[in-house]
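Notes for the one structure printed next.
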Amino acid sequence: MVQDLDPKLVKSVASIVLSRKTLAHATAGCVGSMLAMTLTYPLDRVRVMKQLSNKSKFVIKSGGESESKCLETDSDNSYYNKNVFSLLRDVVVKDGVENLYRGLMSLVITLGISNFVYFYWYTALKAIWQRKFSPHLGTLGNLLLASIAGTINVLITNPLWVAYTRFITTKGSALNIETSKNKINPGGNSGGLFSSLLEIARNEGASALWSGMGPSLLLVSNPSVQFVSYEKLKEVLLSLKKRRRFP
Numbered sequence: 146m147v148q149d150l151d152p153k154l155v156k157s158v159a160s161i162v163l164s165r166k167t168l169a170h171a172t173a174g175c176v177g178s179m180l181a182m183t184l185t186y187p188l189d190r191v192r193v194m195k196q197l198s199n200k201s202k203f204v205i206k207s208g209g210e211s212e213s214k215c216l217e218t219d220s221d222n223s224y225y226n227k228n229v230f231s232l233l234r235d236v237v238v239k240d241g242v243e244n245l246y247r248g249l250m251s252l253v254i255t256l257g258i259s260n261f262v263y264f265y266w267y268t269a270l271k272a273i274w275q276r277k278f279s280p281h282l283g284t285l286g287n288l289l290l291a292s293i294a295g296t297i298n299v300l301i302t303n304p305l306w307v308a309y310t311r312f313i314t315t316k317g318s319a320l321n322i323e324t325s326k327n328k329i330n331p332g333g334n335s336g337g338l339f340s341s342l343l344e345i346a347r348n349e350g351a352s353a354l355w356s357g358m359g360p361s362l363l364l365v366s367n368p369s370v371q372f373v374s375y376e377k378l379k380e381v382l383l384s385l386k387k388r389r390r391f392p
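Numbering (my numbering), first residue to last: 146 to 392.
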């Protein structure tokens, strides 16, 4: 079957997939997402701190019986009644500016790779479509290609997201946000991320790295619709701009 493929077609597709334009779009998407996350990460961190500072419900086992209690966090250590700016100031004063970015590396690496894969394949598929079918994609064509690119992204990067999720929910990672009786570890360094990846594969088998892929594939529609909406709005705005400039 491979021998029956038109060599010219294969060469044409390869030239698109391996083109500088495809690589440039993928790199731009990757760098843009990493930069956006780096700038907003401190806000996300204080959001988690604020959410964890509310009342926490525990199940306490004693004498073979379980009992549910609602425990209040210490008012001196609670962030619940503080606003975002007060939280940012407290973290900086107590632990330094670097503490606002603790745990960022593992998330940035995972997010960057994911966006690189998505934009790489979306740009390549779009170029192939425009060369072989029609220069104009349309809304449905954009949605289709965005969904295919999203599916490829999930298939390739799902192990990274599984490792990242497992890593931030286990003790010993680089970032520890504590309430009175709870601890969550949302972050860590890239070494811990890849160590978690290898540990899962070694202890649970490689198939465990693709766990949860079903729901992830269903969620492909969310960024696909968002990206298609962006493309459509961009076309409309550019069209309006041209009409004003050239009546």
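Here a beta-carbon is modelled for each residue, glycine too, at the ideal position from N, C-alpha and C.
Bear in mind the structure is a predicted one, so any value in this text is a computation, not a measurement.
Supposed contact pair R311 and S341 - C-beta distance, whole angstroms, cut 8 Å: The pair is a contact, with the Cβ atoms about 5 Å apart (cut-off 8 Å).
Distance, L382 Cα to M250 Cα: So the two alpha carbons sit approximately 36 Å from each other.
Closer than 7 Å to chain B by CB, M358: Included in the structure is just one protein chain, with no chain B present.
Bounding residues of the alpha helix (DSSP H) (the contiguous stretch that carries W306): In this chain, the alpha helix (DSSP H) harbouring W306 covers G283 to I313.
First and last residue of the uninterrupted alpha helix (DSSP H) at V262: Residue range L249 to K277 is occupied by the alpha helix (DSSP H) that includes V262.
Cβ neighbour criterion (16 or more within 10 Å) applied to H281: Around the beta-carbon of H281, fewer than 16 other beta-carbon atoms lie within 10 Å, marking it exposed.
Identity of the residue in V237, N260 and G357 nearest A308 by Cα: Minimum Cα distance to A308 is reached at G357.
DSSP-derived helix/strand/coil call for K227: Assignment of K227 by DSSP, reduced to helix, strand and coil, places it in the coil class.
Run of the alpha helix (DSSP H) containing P280, from where it starts to where it stops: Element bounds for P280: n/a, residue is neither H nor E.
Boundaries (first-last residue) of the alpha helix (DSSP H) holding D359: Looking at the sequence provided, one finds Gly at residue 359 rather than Asp. First-last of the alpha helix (DSSP H) with G359: M358 to L363.
Contacting residues, own chain, Cβ-Cβ under 7 Å from F339 (five flanking each side not counted): No residues qualify anywhere along the chain.
Candidates E376, L378, L305 and L363: closest to E344 by CA position: Ranking the options by Cα distance to E344, first place goes to L305.
Test item: CB-CB of A291 and V373 under 7 Å: Closer than 7 Å, so yes.
Straight-line Cα distance separating T268 from E376: If I take the Cα positions, the gap works out to 12 Å.
Proximity below 7 Å, CB of M179 to CB of V253: The Cβ atoms of M179 and V253 sit closer than 7 Å to each other.
7 Å Cβ shell around I301 - same chain, five flanking residues per side excluded: Excluding positions up to five away in sequence, the list reads V262.
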